[in-house]
Structures are given as structure tokens and as C-alpha cells.
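The listed protein sequences correspond, in order, to chains A and B. If you read the first sequence in our numbering, its first letter stands for residue 16, the second for the next number, and so on. If you read the second sequence in our numbering, its first letter stands for residue 16, the second for the next number, and so on. Just so it is clear, CB atoms sit at the ideal spot from N, CA and C, and this is done for glycine as well. Structure first, then comments.
2 protein chains.
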Amino acid sequence: MPKLLILTSDKTEYQRFIESAQLPDLEVISDPAQADLVLGEPKSILYMLPLLSHLKWAQSIYAGVEPLVDPSQRRDYILTNARGVFGEWMSEYVFGYLLFLEKKMLDRMRAQQAREWKRDESGTLRGKTLGLLGVGSIGAHLAGTAKHFGMHVRGYTLASEATDEVDEYFHPTTGKSNGDISTLHQFASGLDYLVSVLPRTKETNQLVDEAFLEALPNHAVFINVGRGNSVDEAALVEALNEGRLGAAVLDVFAQEPVSPEHPFWSTPNLYMTYHTSAISYPDDITKLFVENYRLYRQGKPLKYIVDFERGY
Amino acid sequence: MPKLLILTSDKTEYQRFIESAQLPDLEVISDPAQADLVLGEPKSILYMLPLLSHLKWAQSIYAGVEPLVDPSQRRDYILTNARGVFGEWMSEYVFGYLLFLEKKMLDRMRAQQAREWKRDESGTLRGKTLGLLGVGSIGAHLAGTAKHFGMHVRGYTLASEATDEVDEYFHPTTGKSNGDISTLHQFASGLDYLVSVLPRTKETNQLVDEAFLEALPNHAVFINVGRGNSVDEAALVEALNEGRLGAAVLDVFAQEPVSPEHPFWSTPNLYMTYHTSAISYPDDITKLFVENYRLYRQGKPLKYIVDFERGY
């Protein structure tokens, strides 16, 4: 009989959702030594790993599982992450910020404070070109929303071309995401918006560097909802300070929380949010766990298995 | 041979688009006395009406044609307005502002100024209920975008139920838009967002009044991209001041431009834009004119004919 340990900050809510799913034979327990299944935040699972002597399967409630794929950690269990549930939140965040900028909302608020009837024209999403760095389930959702708004979509991926909503694919010829600079810059050239949804891996390190930023048009908006490691932060600050980039909206950073001394806080046209773009809701994650639990009981391969070597 | 007078501020651009369409027999002229066709802004057409002795058909470049449907004006010509081209801009505006509010963008900016890593959760569009006052071509586009974001959509219309994306329709039983208060308040009850796209007519006057605002939940957001006459502005200010409404985003007003003394400028949670939500692009409007011109030459009924009595 499978024994599940829940390691999340809203454990009560998860327990309620899981119990109401009435999964056959499942017992929710609190002793890590007895648990063969774990559902939780990657960091909480990491801290508990030494005690989880019977662990067979761990389901992460987040997409990013960096703490658990570190080479120093054990890999003698199946790790699955959360996919397919964050695309909607990412779409709301990304298109919310693009519209915030195109509709000149800050200008309109300043005009209101000055009691000024200011009729300058808004920009539009329609007709613009969006570039996606990484096209997994989140990128696919963003591409769908971009098409709804009449945009042209480019996708930069290692090899996959699974999403029909992407109009043009770009791949590195070497099979490494940073392996072919010219393809990457071809992808960047002419983009109105660049959105990175890349996971943290060795290959994504500093992908958005000075030369990449230089390849973007000066009016381009860069949004990062992937991981902070993919950005050369100093080069980004410089590009914004010198007006070589329209704006940047960052939800993720090389170091989180960002230290109070970091130049980001006061860089012009840089909008920070605080790793809040995706929301992990217990009912969404429970659905995913329930689906995987049924496969697990049937001895079938689970969904969203993490490749420890690849890192996602 | 039809003779067209262009009455718009960007006349050169319109002329270029129309000439490149190579319409059979059409001549663009500048003498109003000779013109049988006019393409232009409603106010410019109004000023020219006394000189347009041969006018047969006028195509407005806007959706709202209030100056021309005034009972004191002549009605001996066919008036068509612009429809089907503004839905996209209205969607960008409306969902941009809803996301601006749900994603707490102002709070995030204030946190950034204070160098504070502030991780409070965002709200979502998904699962929310949007109410549309008026479901014409603009309302239909808004409904489609709402469904893309996983929302529930209510529509309040006189009688039509033409848009599939609307989940629930509400109609006044008397056949007048303000004729049945209880249906209107049933429509308002439980809405997260209310969006008015109503045209200015006698029937829409003060539809959103104190009682209507009272019927909305306290957290509701009201967006007006229709016409200002539909709102009791004093009641709206009071509701916002007293926290009985979440926020209001207004692009249209009873009097435009809004006078510097108006309480709107400094009402809390009220966001003003300046009749900038819809953008009338010459290439969009020219397509519409070209389509209608072909029908006109074939002696067929034109599209988007305005009913002078109804006012839209």
C-alpha cells in the first residue's frame, strides 16, 4: 500500500484535495522513513532526502527542480515535475506586461496626476513579432496567446518543433543551445519581444549576453520568466542604461532574493517582479499527481519524468 | 462615375491606400459640391453636410457617429460606420488593464522603488466572470479573448444572442435596455469585471447608476470603452471613494475632454485614459470602404448601415 508524504507549506489543503480524489490504496503519512511517495517543493524534498529510505517516486509541485538534479544528490528514484499547469499564468503575466508597455499605462497615469487630457496613440500587439527562447508546454501556451493577438511567433529550441502556433523555428546546428551564435542572432534580429522560458542548465548559462542583446532591435522588450542564469545581468543593465533595449521585465534572477545593492532595482525601463509569475495551485497540482498516481499503480511510465542529467 | 471626398486628418495616407486598391471608376476629388461619396470622421462630415449637395453614401472611419444621427440633421443619404475593426484594439486595452490590476503591477513597482523583495501572490483572469454590457462586434471579440483566458462570460443585450463565446445572456423583458431593472441587477450580481461597450443612445443614458453599482460585488472592476453617457459619474466616484467598487478604468466620459475640475482625476482606484482605446488605422478602414464600394457599384445593400433612428 503506497504511503505518501506531503512536503508543502499548504499541506492541509493538499491533503484535503488528495483525500477527496479517493485514490485506491493510498495512505497519507507523516513519517519520512515509511514513505515511498513524496509530493512537495523541491527544496523541502531535498532536505528530507536523507530520511526517505524507501523513496520510489517524488512529484515536484514546481516546474524547476534544480536542487534535486544537482550531481551531488541521489538519483535512485523517479522524479516528476509540474508541467502543463503554468502556461496560463505565464500567458497572463507576459501579455499583461506587454500590454502595460504598449498601452503606455504609466504615461497615462502621469497625465492623470497632471490633469492632462493626453491623446497620444497606444501601441499594439497585433503585427508584432514575439521570440520564444524555449518552447515547452509554457512556450506553447504563450505562442497560442500570441496568435490570438495576431502576432508572429518565432521559437528557439534545441530540436523540437512540436507547437503549431510557432511560425518559424530556429535551432542551433551543434545540438547545444549556445552552440551556434549566428542562428541565435538570426532568431533575435527583428524581434519586438523576447521571452525566455528556459530552465536552468549548463547550456542555458549566459545565453542572453551582450552580443545577443546587441542583435535585438533597440525598441525590443525582454521578459524573463524562465531562470536567471540565462542572462548576463551586467550586460542587460548596460543595454537599458544606454537605450539599446526598450524595456526588460524580470521575474527571475541569478540570485534570489535580489540583494538591495543590485543595480536592477534602479535601472531605467526595468520592471522587477519577485518570482511571482507562475502560481502553483494545490488543485492544479493535485490533478497532475492523481493522473500520475493512477499510472504508477498500473506500472505504466509516469508523465513529466525529469531527466537528472539534462536537468529538466 | 463615383466621386469620393476624403475628410480625415490623415487624408494623404487614405488617398494612397484607396488608390492602391485600384477601385473601378472611382475618382478622388476635393470639391464637396461634386462628391456623391464621402469617407471621413463624423464631425468633419457634419461640418461639410450643407455643401454635400450630391451625397449618396458616407462611410464613417469611427464606430460612433453621434454627430450625424442627431435628429436635427439631414438623413437623405446612406451612412455606414466602422465595425469589426476595433475588437482587437478593445481586447488589447481591456485585458491589458485587467491584467495590470490582477498582477498588481503598481504594487510591484512600489516594492521595486523600496528595494523590497515582495512575494505576495498575483490574481488571475482564469475562473473569473466577465459581464459585457452590449455584445456587438467589439463585445464578441472581447468574449473570445475572455474564453482564451479561461473566463466565464455574461452578455447583456437587447435581444441578440449571436456570439457563441458568451456563456449566459441577459435581456430586458421590455425590449428597452434600461427597461427591466431586476434583469440588469441579476446580470451585475457576482461579476468580477464589468465592461461596457454600449453606444450613446437615449436608452443607454445612465444605465450604470447607483443601484447598478450597488448590485456589483465590492471587488468588481468596471471598464468603460463604450460611451460616457451610460454612467452616472457622481455615483461612480462615490462608490470608489467608499470602497464599494474595486476599480474603474475609463476611456470615455460624459464630456470630453474631461474638465480639470472633474473629481475623476483624483478619485482613488480610477484609471483614466483619453479616448485612446480604439485605434482607427487607414489600412483597416480602407479595406472596409473597398468592400462596401464594390457592393455599392453592384447596387447591393452596404455593410454596417447605421439606423439613424436607433443611433448606431
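Practice problem: Could you tell me the distance, in whole angstroms, from the CA atom of Ala-262(A) to the CA atom of Ala-78(B)? | Solution: About 34 Å.
Quiz item: Excluding five sequence neighbours on each side, which residues of the same chain lie with their C-beta closer than 8 Å to the C-beta of Arg-169(B)?
Solution: Only Thr-144, Leu-145, Gly-146, Leu-147, Val-181, Asp-182, Glu-183, Tyr-184, Phe-185, Phe-202, Leu-206 meet the Cβ criterion.
Quiz item: Do Val-109(B) and Val-252(B) have their C-beta atoms closer together than 7 Å?
Solution: Against a cut-off of 7 Å, the Cβ pair of Val-252(B) and Val-109(B) comes out as no contact.
Quiz item: Does the distance from the CB of Leu-22(A) to the CB of Ser-59(A) come in under 7 Å?
Solution: A contact, by the Cβ cut-off of 7 Å.
Quiz prompt | Test item: CB-CB of Tyr-308(A) and Leu-54(A) under 7 Å | solution = The Cβ atoms of Tyr-308(A) and Leu-54(A) do not sit closer than 7 Å to each other.
Quiz item: Are the segment 114 to 133 of chain A and the segment 150 to 162 of chain A in contact at 8 Å, needing three or more beta carbon pairs?
Solution: Verdict: no, contact absent.
Quiz item: So, using beta-carbon positions, are Asp-266(A) and His-290(A) closer together than 7 Å?
Solution: With respect to His-290(A), Asp-266(A) sits close: the two C-beta atoms are nearer than 7 Å.
Quiz item: Between Asn-284(B) and the rest of its own chain, which residues show a CB-CB distance below 8 Å, the 5 nearest in sequence each way excluded?
Solution: Excluding residues within five positions, the ones whose Cβ falls inside 8 Å are Leu-255, Leu-260, Gly-261, Ala-262, Ala-263.
Quiz item: CA-CA distance, Leu-116(B) and Met-166(A)?
Solution: Going from the Cα of Leu-116(B) to the Cα of Met-166(A) covers about 24 Å.
Quiz item: Which residue or residues does DSSP assign as beta-bridge partners of Lys-400(A)?
Solution: Nothing in the structure corresponds to residue 400(A), since chain A is present only between 16 and 327.
Quiz item: Would a check of beta-carbon distances place Gln-313(A) closer than 7 Å to chain B?
Solution: Answer no: the Cβ-Cβ gap between Gln-313(A) and chain B never drops below 7 Å.
Self-check item: Tyr-15(A): contacting residues in chain B (beta-carbon distance under 8 Å)
Solution: The structure shown does not extend to residue 15(A), since chain A spans only 16 to 327, so no value can be given for it.
Quiz item: Taking the C-alpha atoms as reference points, what is the distance between Gly-326(B) and Val-80(B)?
Solution: The alpha-carbon separation between Gly-326(B) and Val-80(B) amounts to approximately 8 Å.
Quiz item: CB Val-248(A) to CB Ala-230(A), shorter than 7 Å?
Solution: This sequence places Glu at residue 248(A); Val is not what is there. Glu-248(A) places its beta carbon 7 Å or farther from that of Ala-230(A).
Practice problem: Check the DSSP bridge columns for Ala-263(B) and list the partner residues they point to. | Solution: Within the DSSP secondary-structure output, Ala-263(B) pairs in a beta bridge with Phe-237(B), Leu-285(B).
Practice problem: State the Cα-Cα distance for the pair Asn-96(B) and Leu-157(B), rounded to the nearest angstrom. | Solution: Those two C-alpha atoms are separated by around 20 Å.
Quiz prompt | chain B contact residues for Thr-160(A), given Cβ-Cβ distances below 9 Å | solution = At a beta-carbon threshold of 9 Å, the residues of chain B lying near Thr-160(A) are His-163, Phe-164, ordered along the chain.
Quiz item: For Val-223(A), which residues does DSSP report across the bridge?
Solution: The beta-bridge partner set that DSSP reports for Val-223(A) consists of Val-246(A).
Practice problem: Report the three-state DSSP secondary structure of Phe-323(A) (helix, strand or coil). | Solution: Three-state DSSP puts Phe-323(A) in coil, outside helix and strand.
Practice problem: May I ask you to report which of helix, strand or coil DSSP gives Gln-270(B)? | Solution: Three-state DSSP puts Gln-270(B) in coil, outside helix and strand.
Quiz item: For Val-305(A), which residues from the same chain have a beta carbon less than 8 Å from its beta carbon, with the 5 sequence-adjacent residues on both sides left out?
Solution: For Val-305(A), where only same-chain residues beyond five positions count, the Cβ hits under 8 Å are Ile-33, Ala-36, Leu-38.
Practice problem: Compute the Euclidean distance between the alpha carbons of Arg-89(B) and Ser-106(B), then round it to the nearest angstrom. | Solution: Roughly 35 Å separates the two Cα atoms.
Practice problem: Output yes if chain A places a C-beta closer than 7 Å to the C-beta of Leu-114(B); else output no. | Solution: For Leu-114(B), a Cβ of chain A is located within less than 7 Å of the residue's own Cβ.
Quiz item: Quick one, are the C-beta atoms of Thr-288(B) and Arg-141(A) less than 7 Å apart?
Solution: With contacts defined as CB atoms closer than 7 Å, Thr-288(B) and Arg-141(A) fail to qualify as a contacting pair.
Quiz item: When we look at the beta-carbon of His-69(B) and count the other beta-carbons within 10 Å, is it buried (16 or more) or exposed?
Solution: When all chains shown are included, His-69(B) counts as exposed.
Quiz prompt | Spatial distance of Trp-280(A) from Leu-310(B) (CA atoms) | solution = Rounded to the nearest angstrom, the two C-alpha atoms are 58 Å apart.
Exercise. At 4 residues or longer, and completely inside the segment 56 to 94 of chain B: list those alpha helix (DSSP H) runs for me, N to C.
Key: For the segment 56 to 94 of chain B, whole alpha helix (DSSP H) runs of length 4 or above, ordered along the chain, are 57 to 63, 81 to 84.
Self-check item: DSSP-derived helix/strand/coil call for Gly-146(B)
Solution: It is a strand residue.
Quiz prompt | Spatial distance of Val-321(A) from Arg-98(A) (CA atoms) | solution = Using only the alpha carbons, I get a separation of about 11 Å.
Quiz item: Tell me which same chain residues have a C-beta within less than 8 Å of the C-beta of Gln-30(B), skipping the five on either side of it?
Solution: Counting only Cβ-Cβ distances below 8 Å, and skipping sequence neighbours, we find Ile-21, Val-43.
Quiz item: Taking C-alpha atoms, which residue in Leu-19(B), Leu-114(B), Ala-174(B), Thr-27(B) lies nearest to Lys-71(B)?
Solution: Of the listed residues, the one whose Cα sits closest to Lys-71(B) is Leu-19(B).
Self-check item: Interface flag, Glu-365(B) vs chain A, CB-CB below 7 Å
Solution: Residue 365(B) is absent from the model: chain B starts at 16 and stops at 327.
Quiz item: Which one of Pro-232(A), Gly-258(A), Asp-224(A), Val-236(A) has the shortest CA to CA distance from Gly-243(A)?
Solution: That would be Asp-224(A), whose Cα lies nearest to the Cα of Gly-243(A).
Practice problem: Might you give, ordered along the chain, the residues of its own chain that have their beta carbon closer than 8 Å to the beta carbon of Ser-175(A), omitting 5 neighbours on each side? | Solution: Excluding residues within five positions, the ones whose Cβ falls inside 8 Å are Val-150.
Quiz item: By DSSP, does Leu-228(A) sit in helix, in strand, or in coil?
Solution: If DSSP states are grouped into helix, strand and coil, Leu-228(A) belongs with the helices.
Quiz item: Going by the CB atoms, is the gap between Ala-293(A) and Trp-104(A) shorter than 7 Å?
Solution: Yes.
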